[in-house]
Amino acid sequence: MRYPLFKHFCSYLLNTPMGLAIGIIFTCVLGVVFDDDFFVGFTKHYTFVVSASLSLVVASFAVAGVFSNIASQREKDEDSRKRKLLAARARLPLALAEMSKACTEGVRLTVEYPSIQSDLTKPHSLLDKSAVKLRLSEETYRTLEQVIEFHDNVDVAQRVVRFLQLYQSSTQRLLAQFEPRKLIQYWGEGNPMRVRAVEWALVQAIVISLFRYSREGILPPVTPDTVRTALQLDQQTSLKIGNIDDYQKDIQAVHRRYLEQDNAFNRT
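Counting from 1, position 225 in the sequence shown corresponds to residue 225 in full-length UniProt numbering; the numbering is continuous, with no gaps.
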């Protein structure tokens, strides 16, 4: 703001009580100069006119003070929001790195699930180890909450919200699979564990898009191709996946379920 004093003075002149006071004063001055009858009437009632004008001026000062306090508080709130957002954006890459590791682990555990079912006879050992690798820190959650609360780009906030929703549901479903002797019923199309691996890849694709936003300020859409890329992100897991084309139907199923109907994934 280059001329704050001039700007506040203009705002002061434009408020209603001050405008009325200035209008009355100019009317009286012009009437006294150009109309003798007006001058006679003014001399009879000048005390009322002067007191009314002064009251309007005082009222205008009061209103201007209220407006000034409101504007000042808004500026402070906006400055506080921007500072908190800057702090959250500074921590966002670290949070995204942790989120990416959790998603990679989710894909790996889901893909390897058929080969590790024999370990489920050991009560909770595999469940506890898996939970630790999938868990996000409190600092990461705090960073994501601040991005959602303070970010001025609604699409970024919505995508972070969708990450949290899908991450939490995928985590609970995966950990439930490691509960000893617990039957988890699957409702959906395609191979259940393959579809869940693709869902984890979808969560990873969201993280990848947020990585690009944190670097370049561009929020790319999440498409079936980015989900396919995320599914092969970890080299060791990619080898166990084998032919990625076998997952194409599952990728299309996840696309129909989430991507086609959710603007948080499609907008750039």
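By construction, the Cβ of each residue, glycine as well, lies at the ideal position given by its N, Cα and C atoms. Here the structure is a predicted model, which is why all the values come from computation and not from measurement.
DSSP state of residue i mapped onto helix, strand, coil
| i | result |
| --- | --- |
| His151 | coil |
| Pro221 | coil |
| Phe135 | What sits at residue 135 in the sequence shown is Arg, not Phe. Reduced to three states, the DSSP call for Arg135 is coil. |
| Asp234 | coil |
| Asn69 | helix |
| Gly23 | helix |
| Gly242 | coil |
| Arg2 | The predicted model places Arg2 with a pLDDT of 46, which falls under 50 and marks its position as unreliable; any figure quoted below should be read in that light. Coil. |
| Tyr186 | Residue confidence is low: Tyr186 scores 45 on pLDDT, short of 50, so the model does not pin down where it sits. Its coordinate-derived value is still stated next. Coil at Tyr186, not helix or strand. |
Contact set for residue i: own chain, Cβ-Cβ below 7 Å, skip 5 residues either direction
| i | result |
| --- | --- |
| Leu109 | Ser130 and Leu174 |
| Arg194 | Tyr247 and Asp250 |
| His255 | Pro224 |
| Arg257 | none |
| Arg228 | Ile244 and Ile251 |
Contacting residues, own chain, Cβ-Cβ under 6 Å from residue i (five flanking each side not counted)
| i | result |
| --- | --- |
| Val132 | none |
| Asp234 | Thr104 |
| Ala197 | Val107, Thr110 and Val111 |
| Arg142 | none |
| Thr226 | Ala205 |
| Ser51 | none |
| Leu30 | none |
For residue j and residue i, believed in contact at Cβ under 8 Å, the rounded distance
| i | j | result |
| --- | --- | --- |
| Ala95 | Leu144 | 6 Å |
| Val147 | Leu86 | With a Cβ gap of about 11 Å, Val147 and Leu86 do not count as contacting. |
| Gly244 | Leu231 | In the sequence as displayed, the identity of residue 244 is Ile instead of Gly. Correct: roughly 7 Å between the Cβ atoms. |
| Phe163 | Ala88 | Contact flag wrong, Cβ pair sits at about 15 Å. |
| Gln172 | Tyr113 | That pair is no contact at about 15 Å. |
| Ser170 | Glu199 | 5 Å |
Cβ-based neighbour list, residue i, same chain, cut-off 8 Å, excluding 5 preceding and 5 following
| i | result |
| --- | --- |
| Glu98 | Leu136, Ser137 and Thr140 |
| Val156 | Val147, Leu210, Tyr213 and Leu219 |
| Gln252 | Pro224 |
| Arg81 | Phe150 |
| Leu166 | Glu199, Leu202, Val203, Ile206 and Tyr258 |
| Thr27 | none |
| Gly242 | none |
| Glu78 | none |
Within-9 Å CB hit, residue i to chain B
| i | result |
| --- | --- |
| Ala97 | The structure shown contains no chain B; it is built from a single protein chain. |
Touching by the beta-carbon criterion (3+ pairs, under 8 Å), the segment 92-106 and the segment 193-210: The answer is yes - the segment 193-210 touches the segment 92-106, with three or more Cβ pairs under 8 Å.
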